[in-house]
Amino acid sequence: MKRNLVPLLGIAFAVAIVSTGIFYGLFAGRLKGGSSVPAQSIVVAAKRLERGATLQAADVKLMPWGAAELPQGAFTDASQVTGLALLAPLEEKEAILQARVVSPKSGMGAALGVAPGMRAISIRATDSSGIVSLLRPGHKVDVQLVAPGVTSGFELRTILQNIEVLSISAPGDGRNTPVITLLMTPQGADMAGLGDSTARLRLTLRHPLDESTPSLNRVTIPSVMQPPAAARK
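The opening residue of the sequence shown carries number 0 in numbering that gives the first Met the number 0; numbering runs sequentially from there.
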């Protein structure tokens, strides 16, 4: 039995050594992999920057970011922010995020979406709840105004065409009417503002590829109630 026991002990010892080596290798590799974080850097302010400042190379720097995930909207290269303008002041070493910058040329910042020369205005879409439920940012609409006529009854006129939708706010906070934010020219914003304050505005949804802006006449109750031309002859 002693002669048989010695080989068995030797085999068990060898197996133990191999098992220990495999276990240590797997454990050490997993520990090393779990503790390591990919080296990443984000663009931050190199000094305090005021609102409206146009970012230059000297205004920013890269700072290591220790977490595995970057902040939403963070930049990883200083060249990505050169020429952008700040929507709010930044402290030194504060991260520069997409929501806090805007391009002075296009105006298409994540927080605005208003190009130079254009205006964003919010209106109450009276009697358009069905259309509002279909709207998404980027859709195009026409704006109709309904108001008492100069001579009789009510009149409807399409005052704006091919207008882009920026955002939709559902009724709430004491409001019974949806609020739609639209992008338009200053003149169009004046017309929409006047209509929203003194009359009723309705929206009609356009085909996304329809760029036409036909000349449309005002519609009145008497004109709608007139018989067809053939019947009047």
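C-beta atoms are modelled at their ideal positions from N, C-alpha and C, and glycine is treated no differently. The model shown is predicted, which means the values in this text are computed figures rather than measured ones.
Sort out for me which residues DSSP pairs residue 143 with in a bridge. 157, 201
Closest residue to residue 181 among 94, 128, 122 (Cα-Cα distance): 122
DSSP state of residue 128 mapped onto helix, strand, coil: helix
Does DSSP put residue 184 in a helix, in a strand, or in coil? coil
Top-ranked residue by Cα proximity to residue 184, from 217, 162, 198, 168: 162
Are residue 86 and residue 70 closer than 8 Å when you measure CB to CB? no
Can you have a look at residue 78 and say buried or exposed, based on whether 16 or more other CB atoms are within 10 angstroms of its CB? exposed
With a Cβ-Cβ cutoff of 8 Å, do residue 130 and residue 191 count as a contact? no
Looking only at its own chain, which residues have a Cβ that is under 8 Å from the Cβ of residue 133, when we skip the five neighbours before and after it? 204
Rounding to the nearest angstrom, what Cα-Cα distance links residue 220 and residue 115 in this structure? 40 Å
Give the range of the beta strand (DSSP E) segment to which residue 223 is assigned. Looking at the DSSP string, residue 223 is not in any beta strand (DSSP E); the run it does join, the alpha helix (DSSP H), is 220-224.
Buried or exposed: which applies to residue 195, given that a residue is buried once 16 or more other Cβ atoms fall within 10 Å of its Cβ? buried
Rounded separation between residue 212 and residue 188 - CA only: 17 Å
Look at the alpha carbon of residue 34 and the alpha carbon of residue 62, and state the distance between them as a whole number of angstroms. With a pLDDT of 47 at residue 34, under the threshold of 50, the modelled position of this residue cannot be trusted; read the value that follows with caution. Answer to the nearest angstrom: the Cα atoms are 20 Å apart.
Could you tell me the distance, in whole angstroms, from the CA atom of residue 206 to the CA atom of residue 135? 13 Å
Looking only at DSSP bridge pairs, what is residue 178 linked to? 123, 168
DSSP three-state label for residue 40, please. strand
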